[in-house]
Amino acid sequence: MPGNDIKLRDGRIVRSEEPLNLEMPFETVESFITPTKSFYVRTHFPIPKIDRDAWWLHVEGEVEKPFAIDYEELLKLESLTVPVTLECAGNNRNFLEPKVKGVQWGLGAVGTAEWTGVPLSVLLNRAVVRSSAREVILEGADHGMLDDPKSPPGELRFSRSVSLEKARRDVLLAYRMNGNDLPPEHGFPVRAIVPGWYAMASIKWLQRIIVTDQPFAGYYQTLDYSYWKRRGDVAELSPVTELQIKAEIAKPAQSDKVPANSTVRIHGAAWASGDEIVRVEVSTDGGSTWKDATLLGESKPNAWRFWEFNWKTPTAPEKQTLVARATDSLGRT
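Residue numbers (our numbering): 326 to 658.
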């Protein structure tokens, strides 16, 4: 469990108070669906206070029929419930050497919930998207000033874009999490869920959907949540989008003591961007040799897969380094 110097709130590690950032201790992972009270919280600005009865979602931009919809009307539209794993793009940042700026997450800025909501395609069809459209900007109600010399002057709202194809394929406008109304820290009354992408794309406190014929160049699309990508001799900033394949060990946790000359269960989760996890391997010698773990449960798109491995521990006490790696259906490891 987290050390004595780490502050906890409702069982989660407090990474910052203002803005609120809470991490799930990953060693507590037991169930495929992460309980809402355990789910990590990522915010960039103060959590907006929104009156559900005064809330409107505006659909505008490169559409023939712009409109606004309120909460009650949204709930009357066709809905889906899907399990989706969300991971912060900065998950595991605490392990980087040298240290880099940002929230110092350990292993637990990730979780899987059942999200209920309306497919974004339903609203786009109602608005009648023009043939010139390329992207869909999702804008949240959270806003504030940034302490970054590269940020624009004045207040900034948190917004990101997805391609029109992705928006139509599987983006969900969610109003329930694990069967209940979204809690304020998870985006009440409505948030986007962008399956298979890092969670900064799953905009919370959603208030505007803007269809555009230009690539979106907002702060959180270009200067933050972006990386340098090379095209021949040219380096260009590219937005972070799809989840990278990853396996994490829940137990034994860092610095745990386990009995020598016994069988110890190693378990954890693995995930990728929309592709199936087909193999997890475990090394008990720091990566020199690998053995197959057992995949648990059934494979579900855009959701993590649990796994376990029974480890015969050394006969004499010593320090061991455990490593897990996953392979997906596209052969990425």
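Built from N, CA and C at the ideal position, the CB exists for glycine as well.
Original post:
Where in the stretch 597 to 641 do unbroken runs of the alpha helix (DSSP H), each at least 4 residues long, occur, reported from the N-terminal end onward?
Top reply: The stretch 597 to 641 contains no whole alpha helix (DSSP H) run of 4 or more residues.
**OP:** Put Q532 into one of helix, strand or coil per three-state DSSP.
**Re:** Walking along the sequence shown from the start, residue 532 turns up at place 207. Correct three-state label for Q532: strand.
**OP:** State the DSSP-derived secondary structure class of Y552, mapped to helix, strand or coil.
**Re:** Counting from one through the sequence shown, the residue named residue 552 turns up at place 227. It is a strand residue.
Subject >> Three-way DSSP call (helix, strand, coil) for S484 in this model >> reply: Along the sequence shown, read from residue 1 onward, the residue named residue 484 stands at position 159. Reduced to three states, the DSSP call for S484 is strand.
Original post:
Among the residues of its own chain, which have a CB less than 8 Å from the CB of R590, if the five just before and after it don't count?
Top reply: The residue labelled residue 590 in the question sits at position 265 within the sequence shown. Only K576, E633, F634, N635 and W636 meet the Cβ criterion.
Original post:
When we look at the beta-carbon of R340 and count the other beta-carbons within 10 Å, is it buried (16 or more) or exposed?
Top reply: The residue given as residue 340 occupies position 15 in the sequence shown. Label assigned to R340: buried.
Original post:
Across which residues does DSSP place I358 in a beta bridge pair?
Top reply: As a working mapping, residue 358 is identified with position 33 in the sequence shown. Answer is none; I358 lacks a bridge partner.
**OP:** Just the C-alpha distance for K529 and A393, rounded to the nearest angstrom, thanks.
**Re:** Position 204 of the sequence shown holds residue 529. Position 68 of the sequence shown holds residue 393. The alpha-carbon of K529 is positioned some 18 Å away from that of A393.
Original post:
In the structure shown, what three-state DSSP assignment does V428 receive?
Top reply: For the purposes of this step, residue 428 is taken as residue 103 along the sequence shown, with counting starting at 1. Coil.
Original post:
Is DSSP giving L449 helix, strand or coil here?
Top reply: As a first step, residue 449 is located in the sequence shown; it is residue number 124 there, counting from the start. In this structure, L449 counts as helix in the three-state DSSP scheme.
Original post:
Taking the C-alpha atoms as reference points, what is the distance between A618 and Y544?
Top reply: What you label residue 618 is simply residue 293 of the sequence shown in a count that begins at 1. What you label residue 544 is simply residue 219 of the sequence shown in a count that begins at 1. Straight-line spacing of the CA atoms in A618 and Y544 works out to 41 Å.
**OP:** Could you pull out every unbroken beta strand (DSSP E) segment of at least 3 residues lying fully inside the stretch 499 to 526, listed in chain order?
**Re:** Correct list: 516 to 518.
**OP:** Give the straight-line distance between the Cα atoms of T406 and D495, rounded to the nearest whole angstrom.
**Re:** Residue mapping note: residue 406 aligns to position 81 of the sequence shown, counting from 1. Residue mapping note: residue 495 aligns to position 170 of the sequence shown, counting from 1. So the two alpha carbons sit approximately 12 Å from each other.
Original post:
Nearest to E342 by alpha carbon, out of V428, S486 and Q546?
Top reply: Here residue 342 is taken as the residue at index 17 of the sequence shown, counted from 1. The shortest C-alpha separation from E342 is found at V428.
**OP:** State yes or no: is the C-beta of W440 within less than 8 Å of the C-beta of A492?
**Re:** On the sequence shown, residue 440 is found 115 positions in, with the first residue counted as 1. On the sequence shown, residue 492 is found 167 positions in, with the first residue counted as 1. Contact: no.
Original post:
How would you write the range of the beta strand (DSSP E) that L399 sits in, first residue to last?
Top reply: Position 74 of the sequence shown, counted from the first residue, corresponds to residue 399. Per DSSP, L399 belongs to no beta strand (DSSP E); it is in the alpha helix (DSSP H), Y396 to L400.
Subject >> 6 Å Cβ shell around N586 - same chain, five flanking residues per side excluded >> reply: As a first step, residue 586 must be located in the sequence shown, where it is residue number 261. Cβ neighbours of N586 beyond the five flanking positions: T640.
Subject >> Residue interval of the beta strand (DSSP E) (run including A649) >> reply: Along the sequence shown, one-based indexing puts residue 649 at 324. Residues V648 to D653.
Original post:
How many Å lie between H511 and K582 at the Cα?
Top reply: If you number the sequence shown from 1, residue 511 lands on position 186. If you number the sequence shown from 1, residue 582 lands on position 257. The alpha-carbon atoms of H511 and K582 are separated by roughly 35 Å.
Subject >> Of the listed residues F483, S446 and G433, nearest to R418 (C-alpha basis) >> reply: Taking the first residue of the sequence shown as 1, we reach residue 418 at position 93. When only C-alpha atoms are compared, the closest one is G433.
**OP:** Taking only the alpha-carbon atoms, compute the straight-line gap between Y596 and W629 and give it to the nearest angstrom.
**Re:** Numbered from its first residue, the sequence shown carries residue 596 at position 271. Numbered from its first residue, the sequence shown carries residue 629 at position 304. The residue you asked about is not Tyr; residue 596 is Trp in the sequence shown. Approximately 4 Å between the Cα atoms of the pair.
Subject >> Local conformation of T437 per DSSP, three classes >> reply: Within the sequence shown, the letter at position 112 stands for residue 437. In the three-state reduction of the DSSP assignment, T437 falls in the strand class.
Original post:
Of all the options I372, P626, V648 and E480, which has the alpha carbon lying nearest to the alpha carbon of W615?
Top reply: Residue mapping note: residue 615 aligns to position 290 of the sequence shown, counting from 1. Taking the Cα of W615 as reference, the smallest distance to any Cα among I372, P626, V648 and E480 is reached at V648.
Original post:
Straight-line CA distance for R516 to S484?
Top reply: Translated into the one-based positions of the sequence shown, residue 516 becomes position 191. Translated into the one-based positions of the sequence shown, residue 484 becomes position 159. Answer to the nearest angstrom: the Cα atoms are 12 Å apart.
**OP:** Specify the secondary structure class of E460 as computed by DSSP and reduced to three states.
**Re:** Taking the sequence shown and counting its residues from 1, the one referred to as residue 460 is at position 135. Of the three classes helix, strand and coil, the one that applies to E460 here is strand, per DSSP.
Original post:
Just checking, does the stretch 371 to 384 make contact with the stretch 522 to 537 on the three C-beta pairs under 8 Å criterion?
Top reply: Judged by Cβ distances under 8 Å, the stretch 371 to 384 makes contact with the stretch 522 to 537, as three or more pairs qualify.
Original post:
DSSP state of L489, grouped into three classes?
Top reply: As a first step, residue 489 is located in the sequence shown; it is residue number 164 there, counting from the start. DSSP, reduced to helix, strand and coil, places L489 within a helical segment of the structure shown.
**OP:** Return the chain-ordered list of same chain residues with a C-beta closer than 7 Å to the C-beta of P509, the five sequence neighbours on each side being excluded.
**Re:** Here residue 509 is taken as the residue at index 184 of the sequence shown, counted from 1. Cβ-Cβ distances below 7 Å link P509 to I372 in the same chain, with the five nearest sequence neighbours on each side left out; the list follows chain order.
Subject >> Distance CB(K390)-CB(V453) smaller than 8 Å >> reply: Taking the sequence shown and counting its residues from 1, the one referred to as residue 390 is at position 65. Taking the sequence shown and counting its residues from 1, the one referred to as residue 453 is at position 128. Yes, they are a contact pair.
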